[in-house]
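Working notes, beginning with the structure itself.
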Amino acid sequence: MEAEAIKGHDHIKQTFIIATLASTLAGTFTTGINLYDRVNEKRKQRKLDRGQNKKIKDLEKRLDEATNNNKRPETPPPEKQQHRDDDNDHHRDKSHGRDLRDSLQSSGPMVQREFDQHYAQLGPRFAQGDLIAQTQLQSQVITLQSTVIALLQDALFTDRPIDMAKLYEASELAREGTIQALRDQHQRLIGSQPTPPLQQQKQLTLPSRTRRPPTLRRSSSTPTISLSTASTTTTSTSTPSSLTRRGSPTTAVAPRLFCPYASHLQETPSSPIPATCPTCSTPLILQTTHGRQQWKIDKDVTVSQRVIKSRDPTQLDELVKTVEARSYLLTSRFMAKCHRPGPDGGYACVLCARYRERDTVCRFAESLARHVAERHAAEEVMGDSDVRDVTR
1 MEAEAIKGHD HIKQTFIIAT LASTLAGTFT TGINLYDRVN EKRKQRKLDR GQNKKIKDLE
61 KRLDEATNNN KRPETPPPEK QQHRDDDNDH HRDKSHGRDL RDSLQSSGPM VQREFDQHYA
121 QLGPRFAQGD LIAQTQLQSQ VITLQSTVIA LLQDALFTDR PIDMAKLYEA SELAREGTIQ
181 ALRDQHQRLI GSQPTPPLQQ QKQLTLPSRT RRPPTLRRSS STPTISLSTA STTTTSTSTP
241 SSLTRRGSPT TAVAPRLFCP YASHLQETPS SPIPATCPTC STPLILQTTH GRQQWKIDKD
301 VTVSQRVIKS RDPTQLDELV KTVEARSYLL TSRFMAKCHR PGPDGGYACV LCARYRERDT
361 VCRFAESLAR HVAERHAAEE VMGDSDVRDV TR
């Protein structure tokens, strides 16, 4: 009987492959949280030990000098400049570390909610899934385990430094790739039915349209897990054609990426925003850590360019650009029209929805502001009515 129970359990796992893979991915994100906490605690302890050892060595050195010179030890001057760079690196790593932990903590529940939502509608058909979704989810499991989990384990047992920004982006890519694979399978299964449920037709009044799978969007056409800060200094090289990839900036976005009220704000630029969303009750009047209701970003804008002809026929002409640094404010209304359904839905980038082939979903408003600053050209930012130019 025990053998039959084991056999039955294995049969369930083989039958509901998508359910098993979704659960595995959610559990892997949880494992990542535990590993990160252990790595972070070990780094704190190591830093504390180094500080204590240094104090002991300094004290021993001053005692030796006092003994040799027959005088009391002098108080050493405070250490400032020599540790300034280390402190900057520490604060930068700490910030990336918080982003990574937030991403790991939110990703598991988001994946599970996405699966539960589709399972509630389609039942065992969705849990069993198709070969396309199975392959995609298996790929996400392998990617997540070979990057985030493997590198955190390596840091835990070898004390080697790790790139928190790289792990953060890998976590974001794995989550968005998983969610999109589940959504794509849902659409395939829905498409095989004669008529979609009436409730689904009335869920949003916006017209649907065909979209490519939205994983974490990048300025390049091929997403990777490497985080490059150089994109913020080369936005002037973006071609204008990227602004027309999805047509007019006022084009409505696909259902379920944004809250219906966020879509309404996108279509009515002059309408004010309430304190909370009337559709999903998400707070819309946001505050930054400094109390402001906007987020400042800096972009490089090409104000002029000219071509210098080469006298050597074997050499290419040189393109010279004049670049000007400009500052912009992302207002609370910009964030409001980017919010997703529910208090934990996060934000979807409206600029990506307009101009790119893939979507970006961020957990926090600050993450969305950083994404806009790093991944979008100035031409895209300036084209939004809820972004203000505050260059002095």
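Position 374 of the sequence shown, counted from 1, bears residue number 374 in full-length UniProt numbering, the numbering being contiguous throughout. For glycine and all other residues, C-beta sits at the position ideal for the given N, C-alpha and C. Nothing here was measured: the structure is a model prediction, and the numbers come from that model.
- With respect to residue 64, residue 363 sits apart: the two C-beta atoms are not nearer than 8 Å.
- For residue 307, the number of other beta carbons within 10 angstroms of its own is below 16, and it is reported as exposed.
- Remark: C-beta atoms of residue 386 and residue 331 approach each other more closely than 8 Å.
- Beta-bridge pairing by DSSP links residue 347 to 339, 362.
- Residue 294: member of the beta strand (DSSP E) spanning 294–308, first to last residue.
- Contact annotation, residue 181 with residue 152: C-beta distance approximately 24 Å; criterion of less than 8 Å not satisfied.
- Cβ-Cβ distances below 6 Å link residue 30 to 108 in the same chain, with the five nearest sequence neighbours on each side left out; the list follows chain order.
- By the beta-carbon neighbour count (other beta carbons within 10 angstroms, threshold 16), residue 123 is exposed.
- Of the candidates 384, 378, 260, 378 places its Cα closest to the Cα of residue 326.
- The C-beta separation of residue 43 from residue 130 comes to about 43 Å, leaving the pair out of contact by the 8 Å criterion.
- Pairing residue 174 with residue 143 gives a Cβ-Cβ distance under 8 Å.
- Check the Cα spacing between residue 303 and each of 295, 320, 21, 296: the tightest is with 320.
- Of all alpha-carbon atoms in 391, 186, 20, the one lying nearest the alpha-carbon of residue 120 is that of 186.
- Taking each of 23, 328, 336, 356 in turn and checking the Cα distance to residue 281, the smallest one comes out for 336.
- In this structure, residue 344 sits away from residue 352, with a CB-CB distance that is not shorter than 8 Å.
- Inclusion of residue 257 and residue 296 in the CB contact set at 8 Å is not warranted, their separation being larger than that value.
- The beta carbon of residue 275 sits closer than 8 Å to the beta carbons of 283, 284, 285 from its chain, once the five residues preceding and following it are set aside; these are given in chain order.
- With fewer than 16 other CB atoms across the displayed protein chains lying within 10 angstroms of its CB, residue 309 is exposed.
- Closest by C-alpha distance to residue 112, out of 372, 266, 179, 376, is 179.
- When the Cα atoms are used, residue 40 and residue 128 turn out to be separated by approximately 38 Å.
- Counting of Cβ neighbours within 10 angstroms places residue 299 among the buried residues, the total reaching 16 or more.
- Ranking 392, 341, 271 by CA distance to the CA of residue 324 puts 392 first.
- For the set 62, 115, 383, the Cα lying nearest the Cα of residue 176 is the one of 115.
- About 22 Å separates the CB atoms of residue 23 and residue 100; that is not less than 8 Å, and the two are not in contact.
- Per DSSP, the beta bridge partners of residue 321 are 305.
- Taken through DSSP and simplified to helix, strand or coil, residue 372 comes out as helix.
- The alpha-carbon of residue 134 is positioned some 30 Å away from that of residue 350.
- For the options 21, 277, 265, the alpha carbon positioned closest to that of residue 141 is the one of 21.
- Considering only 265, 118, 355, the residue with the shortest C-alpha distance to residue 183 is 118.
- Distance from residue 262 to residue 371 at the Cβ level is roughly 16 Å; contact not present, criterion being Cβ atoms closer than 8 Å.
- In this model, residue 279 and residue 32 are separated by some 34 Å (Cα to Cα).
- Beta-bridge partners assigned by DSSP to residue 330: 295, 387.
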